[in-house]
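The numbering of the sequence shown is numbering that gives the first Met the number 0, which starts it at 0 and goes up by one.
We put the beta carbon where it would ideally sit given N, CA and C, even for glycine.
Everything numeric in this text was worked out from a predicted model, so none of it was measured.
Report on the following structure.
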Amino acid sequence: MTTPAHPTEPQASRPASRPLGVAAIGYAFMGKAHSNAWRNVASFFDVPAIERKVLVGRDATAVAEAAAKYGWAESATDWRTVITRDDIDIVDICAPGWMHAEIAIAALEAGKHVLVEKPLANTLAEAELMTAAAAKARARGVQSMIGFNYRRVPALALAKELIGEGRLGTVRHVRAAYLQDWLSDAEAPMSWRLRKETAGSGALGDIASHAIDQVLFLLGDQVTEVAGRLHTFVSQRPGGNGIEDVTVDDAAWATLSLTSGAIASVEVSRVATGRKNSLQIEVYGDKGTILFDLENLNELGFLDATAPVREQGFRRILVNEPVHPYLNAWWPQGHIIGWEHTFTHQIRDFLTAIKDGTPPSPSFEEGLNVQYILNAVEESAAAKSALVQLPSPTQSATTSAGRTNLQGA
Ligand SMILES: NC(=O)c1ccc[n+]([C@@H]2O[C@H](COP(=O)([O-])OP(=O)(O)OC[C@H]3O[C@@H](n4cnc5c(N)ncnc54)[C@H](O)[C@@H]3O)[C@@H](O)[C@H]2O)c1
């Protein structure tokens, strides 16, 4: 039996013969989605060997049941002792935003690779500390990544390829709408997601973070200027001890100016009655257009405006061919995949980066960059939608004085 690496050693020095030990913190929504991905990834992709060691939660009985059901070797209730264990190499943070910074920084300092759910943190200050810790750890061969899983939808990865190949020409504008309705009912109860101190913000941090990341991912661009608006339609909701104030937004709107000259509109809501988990993205260029709708995630709409006008029209690309991103690992063509596959792709990419010793993307720097934009939306909303400038990428820095430079990510 090989001796495991000391927790303070960089993981790069871990003996290659030992499988990577994984701990996940949180066993509810994301804990379950990530557990499914950790369980399946090696059945489909060529990745380094892993062992699902520990699942962590607060309630000993409930987390033990979840660990048994999801296939983790054991469960625990104290994340602090788990992340310093010699047999843990990867910490997967599926806990709410208010815990991200503390766990991620401690895990990185203990030499563990870290995958953290979005948004990076609840505050800019926390996000900056996390990014600094990630940069320091990276220099020791310890990797970190944020879970913007929609980058791993094959149709969106294909959209990025087409945009990068110039198939849309010059992109003029983007529409990104992420709409849900789980708060439409005014009697829907309070939860950590509705309190500023636990969630940071409402629909903004929760789902605009995904939409903004997609705009940056697809266009490979930077935001220079932001105008925003936030609104809370239901300001009080039933809590465990009576009526409580809702201290975050139900919906948010923003326009983003990009360095290329393109403009993106972002619209997000958790009270869009009838919309369950609708992420729609439209990218308009002078040579073509791309349409995507998460409710039909195996499809990409593509209009090639360089074709003769008499033949033009949106074609529906069924993104299910082995030549499409991620898909040669799955089923024969046309045997569609689902939302949960994005998490398997995410873990595949994270493990591949660890194996290759290359920094994975989206990095904490990229998560921080989204955080600066979210912060600018809040700032603008507080000033009656006034335009808020973000420093140019050349002035980039990982401090609150500026945004971070994606190029280095
Ligand atoms: N990528 C996506 O599509 C997506 C979707 C939903 C949520 N998220 C993100 O995932 C994160 C978690 O959200 P969720 O929906 O899974 O929340 P959730 O409320 O369903 O689960 C939170 C989990 O954290 C655990 N937890 C809380 N405090 C803890 C502590 N002190 N020690 C150990 N565990 C603790 C809880 O036991 C629970 O298992 C958030 O950052 C959220 O924004 C991402």
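I'd like to know whether the C-beta atoms of residue i and residue j end up nearer to each other than 8 Å.
{"i": "residue 19", "j": "residue 89", "result": "yes"}
{"i": "residue 93", "j": "residue 33", "result": "yes"}
{"i": "residue 369", "j": "residue 118", "result": "yes"}
{"i": "residue 169", "j": "residue 284", "result": "yes"}
{"i": "residue 345", "j": "residue 280", "result": "no"}
{"i": "residue 133", "j": "residue 81", "result": "no"}
{"i": "residue 367", "j": "residue 127", "result": "yes"}
{"i": "residue 149", "j": "residue 157", "result": "no"}
{"i": "residue 372", "j": "residue 247", "result": "no"}
{"i": "residue 187", "j": "residue 218", "result": "no"}
{"i": "residue 24", "j": "residue 71", "result": "no"}
{"i": "residue 226", "j": "residue 384", "result": "yes"}
{"i": "residue 100", "j": "residue 125", "result": "yes"}
Can you name, in chain order, every residue of its own chain whose Cβ lies under 8 Å from the Cβ of residue i, other than the five neighbours on each side?
{"i": "residue 274", "result": "178, 179, 180 and 268"}
{"i": "residue 185", "result": "233 and 236"}
{"i": "residue 277", "result": "176, 177, 178, 179, 271, 292, 293 and 294"}
{"i": "residue 39", "result": "343"}
{"i": "residue 339", "result": "32, 35 and 36"}
{"i": "residue 137", "result": "143 and 358"}
Which residues in the same chain as residue i place their Cβ atom closer than 6 Å to its Cβ, once the five residues preceding and following it in sequence are excluded?
{"i": "residue 353", "result": "112 and 142"}
{"i": "residue 388", "result": "224"}
{"i": "residue 252", "result": "228 and 266"}
{"i": "residue 144", "result": "114, 349 and 359"}
{"i": "residue 56", "result": "26 and 62"}
{"i": "residue 475", "result": "Outside the shown range of the chain, which is 0 to 408, sits residue 475, and nothing can be said about it."}
{"i": "residue 400", "result": "Residue placement at residue 400 is poorly supported in this model, since its pLDDT is 39, which falls under 50; the coordinates still yield a value, given next. Within the same chain, residue 400 has no close Cβ partners at all."}
{"i": "residue 304", "result": "286 and 287"}
{"i": "residue 199", "result": "96 and 121"}
{"i": "residue 48", "result": "18"}
Count the other C-beta atoms from every protein chain shown that fall within 10 angstroms of the C-beta of residue i, then say buried if there are 16 or more, exposed otherwise.
{"i": "residue 297", "result": "buried"}
{"i": "residue 307", "result": "exposed"}
{"i": "residue 426", "result": "Here the chain comprises residues numbered 0 to 408, so residue 426 is not present and cannot be evaluated."}
{"i": "residue 153", "result": "buried"}
{"i": "residue 240", "result": "exposed"}
{"i": "residue 396", "result": "Only weak support is given to the placement of residue 396: the predicted model assigns it a pLDDT of 41, under 50, and the question is left unresolved by the model."}
{"i": "residue 322", "result": "exposed"}
{"i": "residue 135", "result": "exposed"}
{"i": "residue 220", "result": "buried"}
{"i": "residue 327", "result": "exposed"}
{"i": "residue 330", "result": "exposed"}
{"i": "residue 386", "result": "exposed"}
{"i": "residue 31", "result": "buried"}
{"i": "residue 130", "result": "buried"}
{"i": "residue 28", "result": "exposed"}
{"i": "residue 407", "result": "Its pLDDT being 27, under 50, residue 407 is placed unreliably in this model, and the coordinates cannot settle the point."}
{"i": "residue 312", "result": "exposed"}
{"i": "residue 146", "result": "buried"}
{"i": "residue 377", "result": "buried"}
{"i": "residue 380", "result": "buried"}
{"i": "residue 52", "result": "buried"}
Quickly, what does DSSP pair residue i with across the bridge? List them, please.
{"i": "residue 235", "result": "244"}
{"i": "residue 144", "result": "114"}
{"i": "residue 388", "result": "224"}
{"i": "residue 55", "result": "24 and 75"}
{"i": "residue 230", "result": "250"}
{"i": "residue 263", "result": "173 and 255"}
{"i": "residue 314", "result": "301"}
Under DSSP, the alpha helix (DSSP H) around residue i begins and ends at which residues?
{"i": "residue 186", "result": "Unbroken run through residue 186: none, as it is neither H nor E."}
{"i": "residue 424", "result": "Here the chain comprises residues numbered 0 to 408, so residue 424 is not present and cannot be evaluated."}
{"i": "residue 427", "result": "Absent from the model: residue 427. The displayed extent of the chain is 0 to 408, so no value can be given."}
{"i": "residue 172", "result": "Run containing residue 172: none in the alpha helix (DSSP H); it sits in the beta strand (DSSP E), 170–178."}
{"i": "residue 137", "result": "123–137"}
{"i": "residue 197", "result": "195–198"}
{"i": "residue 104", "result": "96–108"}
{"i": "residue 292", "result": "Note, residue 292: premise wrong, no alpha helix (DSSP H); beta strand (DSSP E) at 287–292."}
{"i": "residue 213", "result": "208–218"}
{"i": "residue 366", "result": "363–381"}
Hey, quick one: how far does the beta strand (DSSP E) through residue i stretch, first residue to last?
{"i": "residue 90", "result": "89–92"}
{"i": "residue 161", "result": "Premise fails: residue 161 lies in the alpha helix (DSSP H), 153–163, not in any beta strand (DSSP E)."}
{"i": "residue 282", "result": "277–284"}
{"i": "residue 303", "result": "298–303"}
Can you list, in chain order, the residues of its chain with a C-beta nearer than 7 Å to that of residue i? Leave out the 5 residues immediately preceding and following it.
{"i": "residue 249", "result": "182, 201, 202, 230, 231, 232, 233, 268, 269 and 270"}
{"i": "residue 317", "result": "297, 298 and 333"}
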